[in-house]
Ligand code: NAD
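Written as structure tokens, this is what we have:
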């Protein structure tokens, strides 16, 4: 097992030196991160292809290019976002100036999952560096090629700013025993509980980016062919191993029948009639997940797809018609299975969604304003998207994160900067005139009247409280 303490000590030493605070240092790290991605894009793309069978274009869109765009967005806006924000000073404290300033937290631990092993480690890294922190990165052991590529290049491009600790549960456990100033975790709920318990020991603040079942509701007012293609893209991208993928579809039976036909057409258009021959279609990460997905499919009713090959870990895009109680409806699928679930209409769909844990994302395909409003007002989810799945990640101004069981905290763009900073309150008061004499003891009737007025509880206030 790799000894983890020296890496954390190095990160702490650089942070404590004060070198990471200036804007220039932060911009330099972001530029360096982008340079690393540009200069080694082929190596990173090859690693992602080796771990997950990702096509180079998909890796560019969802991993390498994604992080580069995030870093560029932070670089462009950082100076403006870091400007102190003036705050109004109430009469009782005047004359004085008050403002808030974003200050770095210290040493940040980022723990990543295997499904987007580069994006989900390096996008938080960009935010943490922009905020003036040093970072310890723990990539997933289940994407070993990507983990190795990052461990090779990060020390060269971000010396001292970021340390990479490779390994699995023993290394993460050792890291979690140490003190950090923030822990940013992306992964499943079981490991999230381990992280949260460990963080409690040091009272370390955490961001948890988790998963769960993200539903899609479709009604007859939408364009079913276009909706089907978007849903198939969102579900089967990265062979379904996407935290914000539509996990299942809810629709009235008279919508599900034509939608199923359109989904079959869409799957063919995206990946051909034999997805095992498509270079655009990914592979299941490992044998354990392959067996889990196969068991979910076999425990339900397959209406399209279902073909698989354990040796190459290819699992075809699959449509299911689950019966109530099928396991596939009881856990996050995280694979290329899409259950089609009939409901009477939007009210039943909303009831079903609210019966489960709060989803990371909720997708509504409807042109009906009342339906859109009903989902907006009567459900809770990390994100709500109309007519498109997963694309909210690509809008850097939108905070990305869950709620309830799907996570706590959010990031991307300015939200990353805020997540990895402490917004420090600052107050500067002058000695002259010494207005505080008015509130110092000894207390007199005059002071009582003044303090009542300052608190908005004077005579006028009592009059306002009287029933009309
Ligand atoms: P995971 O929870 O198994 O692993 C995530 C990380 O935690 C890995 O680095 C792993 O080494 C570490 N880990 C696992 N068990 C641990 C333990 N007992 N103690 C200490 N560390 C431990 O998750 P995964 O299988 O890599 O990813 C799948 C899950 O992540 C899904 O639930 C998915 O929805 C979720 N996810 C969420 C997002 C998001 O942005 N919200 C993105 C991708 C994946």
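Numbering (the numbering used here), first residue to last: 18 to 485.
For every residue, glycine included, the Cβ atom is placed at its ideal position computed from N, Cα and C.
Quick caveat, the model's predicted, so the values are computed rather than measured.
*According to DSSP, residues forming a beta bridge with residue 327*: Answer is none; residue 327 lacks a bridge partner.
*Taking all protein chains shown into account, do 16 or more other C-beta atoms lie within 10 angstroms of the C-beta of residue 160, making it buried, or fewer, making it exposed?*
Here residue 160 is buried: its Cβ has 16 or more other Cβ atoms, across all protein chains shown, within 10 Å.
*Spatial distance of residue 131 from residue 185 (CA atoms)*: Rounded to the nearest whole angstrom, the CA to CA distance from residue 131 to residue 185 is 11 Å.
*What are the complete alpha helix (DSSP H) segments, minimum 4 residues, inside the stretch 396-441?*
Here the runs fully enclosed are 430-436.
*State the CB to CB distance for the pair residue 376 and residue 230, rounded to an integer number of angstroms; the pair is presumed to be in contact (CB under 8 Å).*
Cβ atoms of residue 376 and residue 230 come within 8 Å of each other, at about 6 Å.
*Return yes when at least one heavy atom of the ligand NAD lies under 7 Å from the C-beta of residue 217, else no.*
The closest heavy atom of the ligand NAD lies 7 Å or more from the beta carbon of residue 217.
*Can you round the beta-carbon distance between residue 466 and residue 119 to whole angstroms, since I take them to be within the 8 Å contact cut?*
Not confirmed; about 40 Å, so no contact.
*Taking residue 353 as the reference, which of 40, 243, 293 and 256 has the closest Cα?*
Closest in C-alpha terms to residue 353, from the list 40, 243, 293 and 256, comes 256.
*Simplified DSSP state of residue 42, which is helix, strand or coil*: Helix.
*With DSSP run on the structure shown, which of helix, strand or coil describes residue 465?*
The DSSP-derived three-state label of residue 465 is helix.
*Helix, strand or coil at residue 121 [DSSP, three-state]*: Three-state DSSP puts residue 121 in a strand.
_Distance check for residue 178 and residue 461, CA to CA, integer angstroms please._
About 57 Å.
*By the 10 Å Cβ neighbour count, where 16 or more other Cβ atoms means buried, how is residue 53 classified, buried or exposed?*
By the neighbour-count rule (16 or more Cβ atoms within 10 Å), residue 53 is buried.
*Quick one: using the 10 Å Cβ neighbour count with 16 as the cut-off for buried, is residue 325 buried or exposed?*
Its Cβ being crowded by 16 or more others within 10 Å, residue 325 is buried.
*Can you list, in chain order, the residues of its chain whose CB lies under 7 Å from that of residue 3, leaving out five sequence neighbours each side?*
The first residue shown for the chain is 18 and the last is 485, placing residue 3 beyond what the model contains.
*Given that a residue counts as buried once 16 or more other Cβ atoms are within 10 Å of its Cβ, and exposed if not, what is residue 474?*
By the 10 Å Cβ count, residue 474 comes out exposed.
_Quick check on residue 212: does DSSP put it in helix, strand or coil?_
It is helical.
*Going by CA-CA distance only, name the one from 207, 187, 206 and 217 that's closest to residue 200.*
Of the listed residues, the one whose Cα sits closest to residue 200 is 217.
_For residue 175, the three-state DSSP class (helix, strand or coil)_ = Coil at residue 175, not helix or strand.
*Assign residue 71 to buried or exposed, taking buried as 16 or more other Cβ atoms, counted over all protein chains shown, within 10 Å of its Cβ.*
Residue burial is scored here from C-beta neighbours: residue 71 has at least 16 other C-beta atoms within 10 angstroms and is therefore classed as buried.
*Under 8 Å, do residue 92 and residue 48 count as touching if we go by C-beta distance?*
Yes, they are a contact pair.
*Integer Cβ distance of residue 189 from residue 128, believed to fall under 8 Å*: Indeed, because the Cβ distance is near 6 Å, the residues count as touching under 8 Å.
*Pull up the distance between the alpha-carbon of residue 227 and that of residue 193, whole angstroms please.*
If I take the Cα positions, the gap works out to 18 Å.
*Given that a residue counts as buried once 16 or more other Cβ atoms are within 10 Å of its Cβ, and exposed if not, what is residue 456?*
In summary, residue 456 is exposed, with fewer than 16 beta-carbon neighbours lying within 10 Å of its beta-carbon over all protein chains present.
*Do residue 337 and residue 357 have their C-beta atoms closer together than 8 Å?*
Yes. Within cutoff.
_Cβ neighbour criterion (16 or more within 10 Å) applied to residue 51_ = Only buried fits residue 51, as 16 or more other CB atoms lie within 10 angstroms of its CB.
*asked:* In this structure, how does DSSP classify residue 32 when only helix, strand and coil are distinguished?
replied: Residue 32: helix per DSSP, three-state reduction.
*With hydrogens ignored, establish whether the beta-carbon of residue 255 is closer than 7 Å to any heavy atom of the ligand NAD.*
The answer is no for residue 255.
*Helix, strand or coil: which one does DSSP assign to residue 306?*
The three-state secondary structure of residue 306, taken from DSSP, is helix.
*With a threshold of 16 other CB atoms inside 10 Å of the CB of residue 342, please say whether the residue is buried or exposed.*
By the C-beta density criterion, residue 342 is exposed, having fewer than 16 other C-beta atoms within 10 angstroms.
_residue 334 versus residue 291: straight-line alpha-carbon distance, rounded_ = Approximately 10 Å between the Cα atoms of the pair.
*What does a CB cutoff of less than 7 Å around residue 410 pick up in its chain, not counting 5 residues either side in sequence?*
Excluding sequence neighbours, residue 410 sits near 261 and 417.
_Counterpart residues of residue 128 in DSSP-defined beta bridges_ = Under DSSP, residue 128 forms a beta bridge with 155 and 202.
_Cβ separation of residue 33 and residue 122, assumed to be a contact under 8 Å, to the nearest whole Å_ = Between residue 122 and residue 33 the Cβ distance is about 13 Å, and since that is not below 8 Å, they are no contact.
*Neighbour-count burial assignment, residue 398, 16 or more Cβ in a 10 Å radius*: Here residue 398 is buried: its Cβ has 16 or more other Cβ atoms, across all protein chains shown, within 10 Å.
*Counting pairs of beta carbons, one from the stretch 85-102 and one from the stretch 306-318, are three or more of them closer than 8 Å?*
Contact fails: fewer than three Cβ-Cβ distances are below 8 Å.
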